[in-house]
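A.B. asks: Using UniProt numbering, the letters of the sequence shown map in sequence onto residues 1 to 180.
Cβ atoms here follow ideal geometry from the backbone N, Cα and C, with glycine treated the same way.
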Amino acid sequence: MTTEPAELLGVLRVATNRLVLAIGSMADSEVREPSLLPGWTRAHLITHVARNADALRNLLSWARTGVETPAYSRPGAREADIEAGADRSADDLHDDVAESAEAFAAEAEMVSVTAWQTEVRVMDGPMFRASLILPRRLTEVELHHTDLGMGYKAANWTPAFAKMDLPEPMRSWREERKTW
């Protein structure tokens with residue numbers, strides 16, 4: 001499996017479209033139900049997926065422009081944004097995930113071949129190449145689709161994701177979900 005950004009972006013679009021369709025089929029009562037992640041409803045999880053797209057889009061912008069752009073605007077923003085967004089309607093959650101995913105994809109399409117080698121980081125974490133942003137996003141989309149607890153399992157993952165050589169901790173997260 002190649003790790004070329006254009007190919008990965010295509011795989012990501014397929015996985016994202018599946019997730020967006022699944023979220024679009026949910027009623028307000030269903031988004032209030034627990035997800036498979038302890039302490040989070042499906043609405044928390046859906047909000048997290050949308051905010052993750054925004055955070056990783058910021059890193060893509062950093063790689064593309066050379067201007068350091070933090071994933072999150074301030075310490076604690078990730079958690080606060082998830083809590084603030086978890087009370088929305090199913091329609092609002094669906095629209096948020098769809099719009100944030102499209103904005104992420106649009107930014108990814110503008111990243112040059114050389115910019116994918118730029119080093120970025122999430123908060124105080126280690127630096128990593130921007131070329132890992134797409135696998136990180138694909139991991140978020142596929143695993144959290146599973147975490148919604150709506151019948152999407154490892155057997156449903158895109159073949160590229162199922163076989164992808166992932167760094168830790170993403171590899172362990174994927175292995176764990178195979179048992180769910």
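#1: By a C-beta neighbour count over all protein chains shown, 10 Å radius and 16 as the cutoff for buried, is MET26 buried or exposed?
#2: Less than 7 Å between the beta carbons of VAL49 and ARG42, yes or no?
#3: Helix or strand or just coil, what does DSSP make of GLU4?
#4: In its own chain, which residues sit with a C-beta less than 6 Å from the C-beta of ARG51, not counting the 5 before and 5 after it?
#5: Please tell me whether ARG64 and ALA115 are closer than 7 Å, where the distance is taken between their beta carbons.
#6: In the DSSP assignment, the alpha helix (DSSP H) including ASP81 goes from what residue to what residue?
#7: The alpha helix (DSSP H) that contains ARG41, what's its start and end?
#8: Are there 16 or more other CB atoms within 10 angstroms of the CB of ASP124, so buried, or fewer, so exposed?
#9: List the endpoints of the continuous alpha helix (DSSP H) containing VAL31.
#10: Anyone know if the C-beta pair for PHE161 and GLU175 falls short of 7 Å?
#11: Can at least three beta-carbon pairs, one atom from the segment 151-165 and one from the segment 131-139, be found at a separation below 8 Å?
#12: Three-state secondary structure (DSSP) at PRO135?
#13: Consult DSSP for PRO70 and reduce its assignment to one of helix, strand or coil.
#14: Kindly indicate which three-state DSSP category MET170 falls into: helix, strand or coil?
#15: With 16 as the cutoff for other CB atoms within 10 Å, does MET1 come out buried or exposed?
#16: On a Cα-Cα basis, can you pick out the residue from HIS145, ASP92, HIS94 that is closest to ASN156?
#17: Tell me the rounded alpha-carbon separation between ARG13 and LEU148.
C.D. replies: In terms of the structure at hand:
#1: Buried, by the Cβ-count rule.
#2: Against a cut-off of 7 Å, the Cβ pair of ARG42 and VAL49 comes out as no contact.
#3: Three-state DSSP puts GLU4 in coil, outside helix and strand.
#4: Counting only residues of its own chain and dropping the five nearest sequence neighbours on each side, ARG51 has a CB closer than 6 Å to the CB of ASP81.
#5: With contacts defined as CB atoms closer than 7 Å, ARG64 and ALA115 qualify as a contacting pair.
#6: Residues 77-85.
#7: Residue identity check: residue 41 is Thr in the sequence provided, not Arg. Neither: THR41 is in no alpha helix (DSSP H) and is coded neither H nor E.
#8: Per the 10 Å Cβ criterion, exposed.
#9: Segment 28-31, the alpha helix (DSSP H) holding VAL31.
#10: No; because the gap between Cβ atoms is not below 7 Å, this pair is not in contact.
#11: The segment 151-165 and the segment 131-139 touch, with no fewer than 3 CB-CB distances between them shorter than 8 Å.
#12: Correct three-state label for PRO135: helix.
#13: Coil, per DSSP.
#14: Reduced to three states, the DSSP call for MET170 is helix.
#15: Since pLDDT at MET1 reaches only 45, below the 50 mark, its modelled position is unreliable, and no value is offered.
#16: Measuring C-alpha to C-alpha distances from ASN156 to each of HIS145, ASP92, HIS94 identifies HIS145 as the nearest.
#17: Taking the straight line from one Cα to the other gives about 19 Å.
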